Amino acid sequence: MLQPKLKSKVRCTDLDIGEVTKVVLDPLSHEISHIVVSMNGSGERQVAMGHVQTVTDDVVQLRAPSTDILALPPFKREDYVTTHEVEISHLEDNLHVTPGEVLVPLPDLEKNVKRRTFFMNFTHVIGFLIGLPVAYPILRFLMKPMYADFDNHWLNVGNVSKIKQEDVGVQFKYKKKVKEVYMPESEVDKNVWILRATPELLEKVYHDKDMEFRDAKGKMLWTNKKDIPYVAFSGKCPHLGCAFKWRQHKTLGQVFLCPCHLSIYDAAGKVLDGPAPRALDALPVRVSAAGDVEIIDMEFKAGTKSQIRII
Amino acid sequence: MDSKQSSSTVIPDHQPSAIEKLVAFLDERVGLKEMQAKMLNEPIPGGSRWAYVFGSILLFIFAMQALTGILLMFYYVPTADHAYASTQYIIHDVDYGWFLLGYHFWGSSAMVVCVVAHMSQVFLWGAYKKPRELLWLVGLALFGIVITFGFTGYLLPWDQRAFWATTVGVEILDKTPIVGDFIARFLKGGPTPGQMTLSRFFVLHVMILPAALMALAGLHLFLFRVAAPAGPFTGTVEEIKAKTDYFFPRQIWKDMVGMAFVFVSICALALWEPVVLLDEAAPDPGDYHPEPEWYFLFYFQLLRLKLFAGEFGQFLGAVALPVAFMVLLVALPFIDKDPERNIFKRPIALISWIAIMVVIVLFTVASVINREFLD
């Protein structure tokens, strides 16, 4: 059946009663549920589509006599909103109040344009040609400060007279001068753990081998001799980079404990418990005759089994 | 139809005032009244509900975060040598600085709480299912943005809390296979957190993320309006139709009450739990025990498990688990094609949601209990 058209005549079984002035859509089915009929000047009536028998181009034929339609309550406009005032998506998709589609003519210049696809693709190409040359510079621009050379200077961190007991972790705090790109030089607080080790502990740390440190090019920087009794551990936890402490543990005795994810290491840096993937990172350390401790401040990537130096 | 006729119902028995003339002038050019009508007259199947308030509340929280954030930028300086001092200045010297900073700080917590509530509601109501898959996906992207907002904003005060949360957070990203090192350095702008990190997080926090959030929230709303609200998960078509009302006034009323409640809660927290900075950021934490913001505590505690020990365990905990969870959420509307939306007839969905919530609560509590044993 055709959909009822605005201005169509509405015909009852006995006589014409007016014309269609509005149509009402069902908000769920999106179909026309009612027509509103003008009633030739005696108010408007809302007539359900169930009353409609047939619809032709200009006539809506109802099943009921005119008295039945007139007996319906008057149409109450205030109970409705227009389709432009309500947010129901696809509401008008099914609606063809006029047979065929509503058309708008193309401007003359747009008629018979053959190369629409070409122009569309051309637009993409131009966009790509603009985007491509800037993408790499942008990436390089953002990457500039990401990789810096290692700093292999010896730093004085304090005096060994601070260490009173063997095989006990002692924190040495020190200030490191940092010059970050354009920023003024500043000092940051850092810390390193130094132990005066018994031969047993040294054996556990060095496994009877000297520990060699090389720079990024592979040149030898320093060797921690296996029998020098001072061991230095980087203050950075090899799990996820927090800072660990020296603590008394209920069952494990004195240990290095990281408060973040509860990795526990013994005095030799070996993992006793917790999620850490490797032992504490030993640093190059040397002690002068006067007892001054110097280290090379190295930091290694956390969370890896092997040591990967990042500073 | 006859929209022109209906929109011109002017009562002719008085001269239009200047404001009415202005409104009429704008309406003629912009179509304000029609736009307003369209915004307010959106049918909500089955009627308004308190469960639907979270989306509007999130929009409100974002607006307030934008306002307080812009105000904080009048004094805040994003440099390693001034960030801490300028934040202290906001807290101690600027009139109501403590309040605006406190509001911004607690607002971020409220944002996370309401995002989780909003996602839970959508999940439990089965509202992510066809035809709302894209709406769900954009929502997940917004979830990611909110989390990134929290993470980047946390660094800006440049105190010990800020520094260590970032240090550990970036180390977690570093565990991504192959690209992890690049991502970590890219975010930090170097091998360790410093000025470059602060600059990057600042730009992310005040430019990139707000722009992304506004764009995606707009898309989210658009998709929501196209798909229409899902409505309740029980009831026949007739029952739902009988209870249907428009967005205005009942749902807007409920949304407003929700917003007022959230506003008062955030203000109360800002008053009673004002932001207190720790010492200035340094690679030596002193006596401070690093800990992330409370809504990350469960994950922090999770990473303490033996299961996530060692290099492979770390990959599992830091990368595989969160990525798998997000992939699962992304795939959800495409895996779960059963049109049944009633949560009481979707046992797997219900049990999964309860399990996730229980894990979050238990692990958060565990991490708080753990604090006592660290000193």
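Those protein sequence lines, which keep their order, are chains X and H. Here the first sequence is numbered in numbering that gives the first Met the number 0, starting from 0 and rising by one per residue. Here the second sequence is numbered in numbering that gives the first Met the number 0, starting from 0 and rising by one per residue. Glycine included, every Cβ here is placed at the ideal spot set by N, Cα and C. Quantities reported herein were computed from a predicted structural model and do not represent experimental measurements.
Inter-residue CB distance, H/F148 and H/S107 (contact presumed, cutoff 8 Å): About 7 Å separates the beta carbons of H/F148 and H/S107, which is inside the 8 Å limit, making them a contact pair.
Proximal residues to H/Y294 (C-beta, below 6 Å), its chain only, five neighbours per side dropped: Setting aside the 5 residues that flank it on each side, H/Y294 is surrounded in the same chain by V111, each with a C-beta closer than 6 Å to its C-beta; the list follows chain order.
8 Å Cβ shell around X/E184 - same chain, five flanking residues per side excluded: Within the same chain, K176, V177 and K178 come within 8 Å of X/E184 by CB-CB distance, once the 5 residues on both sides are set aside.
Validate contact between the segment 29-47 of chain X and the segment 59-76 of chain X using beta carbons, cut 8 Å, 3 pairs: With a cut-off of 8 Å, the segment 59-76 of chain X and the segment 29-47 of chain X count as touching, because enough Cβ pairs lie within range.
Three-state secondary structure (DSSP) of X/M315: Since the first residue shown for chain X is 0 and the last is 310, residue 315 of chain X is missing from the structure and cannot be characterised.
X/Q164, buried or exposed, once every other Cβ within 10 Å from all chains shown has been counted against 16: X/Q164 comes out exposed.
Touching by the beta-carbon criterion (3+ pairs, under 8 Å), the segment 71-79 of chain H and the segment 120-140 of chain X: The segment 71-79 of chain H and the segment 120-140 of chain X do not touch, with fewer than 3 CB-CB distances between them shorter than 8 Å.
Collapsed DSSP secondary structure at X/A242 in the structure displayed: Three-state DSSP puts X/A242 in a strand.
Sub-8 Å separation of X/P237 and X/F299 beta-carbons: Less than 8 Å separates the beta-carbon of X/P237 from that of X/F299.
Proximal residues of chain H, C-beta to C-beta of X/I310 below 8 Å: For X/I310, the C-beta contacts it makes with chain H under 8 Å involve P190 and T191, in order along the chain.
Bounding residues of the beta strand (DSSP E) (the contiguous stretch that carries X/K163): Neither: X/K163 is in no beta strand (DSSP E) and is coded neither H nor E.
Contacting residues, own chain, Cβ-Cβ under 8 Å from X/K208 (five flanking each side not counted): Once the five neighbours on either side are set aside, the close Cβ partners of X/K208 are K225.
Alpha-carbon to alpha-carbon, H/A330 and H/V357: One alpha carbon belongs to H/V357, the other to H/A330, and they sit about 23 Å apart.
Residue burial classification, H/H13 (beta-carbon count within 10 angstroms, cutoff 16): Around the beta carbon of H/H13, a 10 Å sphere encloses fewer than 16 other beta carbons of the protein chains shown; the residue is thus reported as exposed.
For X/Q306, the three-state DSSP class (helix, strand or coil): Note: X/Q306 maps to coil in three-state DSSP.
Pair within 8 Å by beta-carbon distance, X/M350 and H/R249: No answer is possible for residue 350 of chain X: the residues shown for chain X start at 0 and end at 310.
Cβ shell of X/R285 (< 6 Å), same chain only, five flanking positions each side left out: Answer for X/R285: E293, listed in chain order.
Inside the segment 203-272 of chain X only - alpha helix (DSSP H) runs reaching at least 4 residues: If we require 4 residues or more, the segment 203-272 of chain X turns out to have no alpha helix (DSSP H) run fully inside it.
Residues that X/G157 bridges to, as DSSP identifies them: BP columns for X/G157 point to X/V292.
Run of the beta strand (DSSP E) containing X/G17, from where it starts to where it stops: Segment D15 to L24, the beta strand (DSSP E) holding X/G17.
Distance CB(X/W245)-CB(X/G168) smaller than 8 Å: The answer is yes: Cβ separation under 8 Å.
Below-8 Å beta-carbon distance, X/I87 vs any chain H residue: The beta-carbon of X/I87 is placed less than 8 Å from the nearest beta-carbon of chain H.
contact_flag[the segment 294-307 of chain H, the segment 358-369 of chain H] where n(CB pairs < 8 Å) is 3 or more: By the criterion of at least three beta-carbon pairs nearer than 8 Å, the segment 294-307 of chain H is in contact with the segment 358-369 of chain H.
Chain X contact for H/I171 (CB, 8 Å cutoff): Look at H/I171: its C-beta is under 8 Å from a C-beta on chain X.
Nearest candidate by alpha-carbon position, reference H/W97, set H/P273, H/W252 and H/P231: Its Cα nearest to that of H/W97, the residue H/P273 stands out among H/P273, H/W252 and H/P231.
Min CB distance H/Q87 to chain X below 8 Å: No, H/Q87 does not count as interfacial toward chain X.
Runs of alpha helix (DSSP H) wholly within the segment 56-129 of chain X (minimum 4 residues, chain order): Within the segment 56-129 of chain X, the runs of alpha helix (DSSP H) at least 4 residues long that lie entirely inside it are, in chain order, 65-69.
Per-residue contacts from H/V236 into chain X (C-beta, under 9 Å): Think of a sphere of 9 Å around the beta carbon of H/V236: the chain X residues whose beta carbon falls inside it are L27, in chain order.
Validate contact between the segment 38-46 of chain H and the segment 237-246 of chain H using beta carbons, cut 8 Å, 3 pairs: Touching, yes, given that three or more Cβ pairs across the two stretches are closer than 8 Å.
Min CB distance H/S366 to chain X below 8 Å: Not closer than 8 Å to any Cβ of chain X, the Cβ of H/S366 fails to qualify, so no.
CB contact below 8 Å: H/F185 versus chain X: It does: the Cβ of H/F185 has a partner Cβ on chain X nearer than 8 Å.
Short Cβ contact (8 Å threshold) for X/L251 with X/P228: No, the pair does not count as a contact, with Cβ atoms beyond the cut-off.
Cβ neighbour criterion (16 or more within 10 Å) applied to H/G179: Counting every other CB atom within 10 Å of its CB across the protein chains shown gives H/G179 a total of 16 or more, marking it as buried.
Buried or exposed by the 16-neighbour rule on C-beta atoms within 10 Å, applied to X/N223: With 16 or more Cβ atoms within 10 Å of its Cβ, X/N223 is classed as buried.
Residues of its chain near H/K20, where Cβ-Cβ distance is below 7 Å and the 5 sequence neighbours each way are ignored: So no residue of the chain qualifies.
At least three beta-carbon pairs within less than 8 Å, the segment 214-227 of chain H to the segment 23-36 of chain H: The answer is no - the segment 23-36 of chain H does not touch the segment 214-227 of chain H, with fewer than three Cβ pairs under 8 Å.
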